[in-house]
Amino acid sequence: MAQSFFITTAIDYPSGRPHLGHLYEKVCTDSIARWHRLLGETVHFSTGLDEHGEKIQRKAEESEKSPEDFVNEMSKHFLELCKTYDISYDDFVRTTEKRHEAAVDDIFHKLWRNGKGDIYKGTYEGYYCFECETYYLERDLTNKKCPVHGKLLLKAKENTYLFKMSKYQDKLLKHINKNPDFILPRERRTEILSRLKEPLHDISISRTLFNWGLPLPIEEAREQEKHVYYVWLDALTNYLTTIGYPDSKYKKFWPALHIVGKDIIWHHCVIWPCLLLSAGIELPKTIFAHGFIRTESGEKMSKSAGEVVDPAQLAEKYPIDATRYFLLREFPFGEDGNFSEEALKTRMNSELANDLGNLLNRTMVMLGKYSSGKIPEGETGRKLQKALDLARIQRHMKSLELNNALAEIFRFVAAANAYINETEPWTLVGKGKELGNILYSLADSLRIISILLSPFMPSTSEKINSQLGVKAGMLSDAKFNLLKAGTKIGKAEILFRKAE
Ligand code: MSP
1 MAQSFFITTA IDYPSGRPHL GHLYEKVCTD SIARWHRLLG ETVHFSTGLD
51 EHGEKIQRKA EESEKSPEDF VNEMSKHFLE LCKTYDISYD DFVRTTEKRH
101 EAAVDDIFHK LWRNGKGDIY KGTYEGYYCF ECETYYLERD LTNKKCPVHG
151 KLLLKAKENT YLFKMSKYQD KLLKHINKNP DFILPRERRT EILSRLKEPL
201 HDISISRTLF NWGLPLPIEE AREQEKHVYY VWLDALTNYL TTIGYPDSKY
251 KKFWPALHIV GKDIIWHHCV IWPCLLLSAG IELPKTIFAH GFIRTESGEK
301 MSKSAGEVVD PAQLAEKYPI DATRYFLLRE FPFGEDGNFS EEALKTRMNS
351 ELANDLGNLL NRTMVMLGKY SSGKIPEGET GRKLQKALDL ARIQRHMKSL
401 ELNNALAEIF RFVAAANAYI NETEPWTLVG KGKELGNILY SLADSLRIIS
451 ILLSPFMPST SEKINSQLGV KAGMLSDAKF NLLKAGTKIG KAEILFRKAE
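Under this note's numbering, the sequence shown has 360 at position 360, and the numbering climbs by one with no breaks.
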């Protein structure tokens with residue numbers, strides 16, 4: 001049976017339209033999911049929306065809509081974003097769905113255990129940032145400002161149900177120490193370990209100060225103050241909802257590889273594991289934290305900070321795969337990066353239009369001219385074969401170095417271009433088998449390049465395939481000399497046009 005692989009993005013707040021930061025996370029996760037499909041694994045890739053909470057309620061009020069109408073409208077933009085950018089999710093979870101409520105209630109009951117478990121009633125006092133939907137302790141703040149949004153926070157106090165997170169500190173520490181890949185990259189792991197040197201506090205898991213949330217499923221909480229779930233307990237559980245929890249079929253895919261931004265690692269690396277430990281559910285395989293996409297001037301792109309790049313507008317100006325390629329290639333996965341259209345254009349013009357586009361175009365033109373539009377008999381030259389380091393690409397993908405995997409694939413593209421320049425096929429017309437071997441080598445290499453690029457640039461890969469006249473391949477087809485001689489090639493077309 002094929003190995004199963006479960007990967008998730010965070011679920012976005014639909015408090016405004018999606019921006020490039022949201023897209024970045026989806027494109028990276030999509031490429032990893034597609035890579036695992038290429039390996040023949042059974043993949044479940046989930047993304048979605050975190051639709052409850054005070055922030056959404058306030059935004060809905062501002063636009064004079066009910067929260068339901070507001071999120072329904074916003075959700076269209078996120079779904080459209082996924083469609084436009086070829087995000088191949090298997091499930092799009094919305095926390096307002098009935099199936100999700102069933103999963104959250106089940107988790108609650110596992111923690112509550114009829115009042116004998118890890119949840120107790122009390123009051124909670126702390127500094128509340130409604131942008132993060134998170135209570136902070138004074139020690140986490142500088143000048144009483146939110147560490148993520150930089151806004152001045154006020155002390156809030158409410159009656160609440162609390163979760164005994166402190167009880168799980170030692171178990172969590174042991175798990176992190178025993179599993180070096182539980183939190184990646186390393187810097188984030190170090191950060192969490194250092195924060196865990198301080199004692200863990202119990203956390204509030206219900207709210208009474210607003211009502212846009214799922215109600216706690218116990219009579220006493222409904223009768224007195226109408227407690228709704230703390231939005232993070234609600235949101236984190238989406239990772240179980242999507243694979244069918246509470247039905248035991250969820251075990252087919254659990255545990256997950258979570259891809260999230262570095263601003264929400266505490267929630268994913270500490271709160272989520274403690275909730276799971278209490279519920280008796282296995283911990284996630286890995287939480288990988290990526291960096292922030294910043295504006296040209298270096299500000300984190302976010303709706304609350306103001307300046308954002310709208311991916312829908314970008315899609316009108318640049319080919320989808322150019323933006324995908326840029327996001328994946330430009331920023332080492334795990335680090336921050338500044339986005340600029342100039343840098344996108346430079347990469348598109350040189351690497352996509354010049355290097356990849358010209359390789360395909362020159363090959364197609366020569367196949368048409370010297371081989372009557374058919375793949376000739378031939379064998380791929382040893383030297384060119386050696387220029388492809390497939391093992392290295394696989395290693396990069398295993399350690400989620402997406403930019404390095406792409407760099408390695410493009411090293412092979414460069415080698416194929418150099419091979420044309422060195423062999424000068426046009427001088428060999430009518431001089432025996434050598435020309436056939438060269439043209440075969442080029443077409444065979446492009447077939448492999450197309451397979452390797454398919455997770456990152458799916459529609460470009462399809463275009464290369466249809467020009468070469470071949471079907472989409474799996475990673476096991478990325479071997480030389482599998483191209484069938486006699487295959488009729490398709491129509492030659494420009495892959496990427498240069499931008500001014
Ligand atoms: N709803 C919570 C996540 C709950 S997951 C159980 C949330 N939503 S968010 O809309 O604020 O962010 C969604 C994801 O997008 C997060 O992983 C966040 O880090 C990421 N990004 C938001 N802005 C970003 C950038 N400017 N750059 C890269 N990713 C960033 O947090």
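By construction, the Cβ of each residue, glycine as well, lies at the ideal position given by its N, Cα and C atoms.
Please read all numbers here as calculations on a predicted model, not as lab measurements.
For arginine 37, the enclosing alpha helix (DSSP H) stretches over residues 20-38. Serine 450 is a Cβ neighbour of isoleucine 464, given a cutoff of 8 Å. For phenylalanine 496, DSSP assigns no beta-bridge partner whatsoever. The criterion of a C-beta distance shorter than 8 Å is satisfied by glutamate 41 and phenylalanine 5.
Taken through DSSP and simplified to helix, strand or coil, isoleucine 119 comes out as strand.
For tyrosine 120, the shortest C-beta to heavy atom distance toward the ligand MSP is 7 Å or greater.
Annotation for arginine 94: the continuous beta strand (DSSP E) segment containing it runs 91-94. Cβ atoms of leucine 453 and isoleucine 494 stay farther apart than 8 Å, at about 17 Å.
In the DSSP annotation of this structure, the continuous segment of the alpha helix (DSSP H) that includes serine 466 starts and ends at 458-468.
Here DSSP, grouped into helix, strand and coil, assigns serine 63 to coil. The beta carbon of aspartate 86 sits closer than 6 Å to those of Pro458, all from its chain and outside the five residues before and after it, given in chain order. A check of alpha carbon separations from aspartate 202 across His396, Ser166, Asp181, Cys132 identifies Ser166 as the nearest. With at least 16 other beta carbons inside 10 angstroms of its own, asparagine 238 counts as buried.
With a beta-carbon spacing of about 4 Å, leucine 428 and leucine 435 fall inside the 8 Å limit used to define contacts. Closest in C-alpha terms to isoleucine 259, from the list Ile119, Ala235, Thr286, comes Thr286. Of the residues Ser476, Pro455, Lys479, Lys488, the one whose Cα lies closest to the Cα of valine 470 is Lys488.
Distance from the CA of phenylalanine 480 to the CA of tyrosine 419, rounded to the nearest whole angstrom, comes to 16 Å.
Within the same chain, and ignoring the five residues on either side of aspartate 12 in sequence, the residues whose Cβ sits closer than 7 Å to its Cβ are Pro18, His22, Leu49, Asp50, Phe78. Here the stretch 118-130 lies against the stretch 154-162, with 3 or more beta-carbon pairs under 8 Å apart. Under the DSSP assignment, lysine 398 falls in the alpha helix (DSSP H) whose first and last residues are 390-398.
Take the alpha-carbon of phenylalanine 182 and the one of glutamate 500: they are about 45 Å apart. For the pair serine 278 and alanine 416, the Cα-to-Cα distance works out to about 55 Å.
Note on geometry: alpha-carbon atoms of aspartate 170 and lysine 83 lie some 43 Å from one another. Under the three-state reduction of DSSP, isoleucine 7 is assigned to strand. Every alpha helix (DSSP H) stretch that sits fully inside the stretch 322-402 and reaches 4 residues is listed by chain position as 341-347, 358-370, 382-386, 390-398. Looking from the CA of lysine 157, the closest CA among Trp272, Thr208, Ala472 belongs to Thr208. Setting aside the 5 residues that flank it on each side, alanine 407 is surrounded in the same chain by Arg329, each with a C-beta closer than 8 Å to its C-beta; the list follows chain order. At a cut-off of 7 Å, the beta-carbon of alanine 279 does not count as near the ligand MSP: no heavy atom of the ligand is closer than that. The ligand MSP never approaches leucine 482 closely enough for any of its heavy atoms to be under 7 Å from the residue's Cβ. Taking 7 Å as the cut-off, one finds at least one heavy atom of the ligand MSP near enough to the beta carbon of valine 260. Following the DSSP letters along the chain, one finds isoleucine 259 inside the beta strand (DSSP E) bounded by residues 257-261.
Taking the Cα positions, serine 63 is about 11 Å away from serine 15.
Here the alpha carbons of methionine 301 and leucine 20 stand approximately 8 Å from one another.
By alpha-carbon distance to tryptophan 35, the top candidate from His396, His100, Lys484 is His396.
In this structure threonine 123 is exposed. Its beta-carbon is surrounded by fewer than 16 other beta-carbon atoms within 10 angstroms.
Only exposed fits methionine 474, as fewer than 16 other CB atoms lie within 10 angstroms of its CB.
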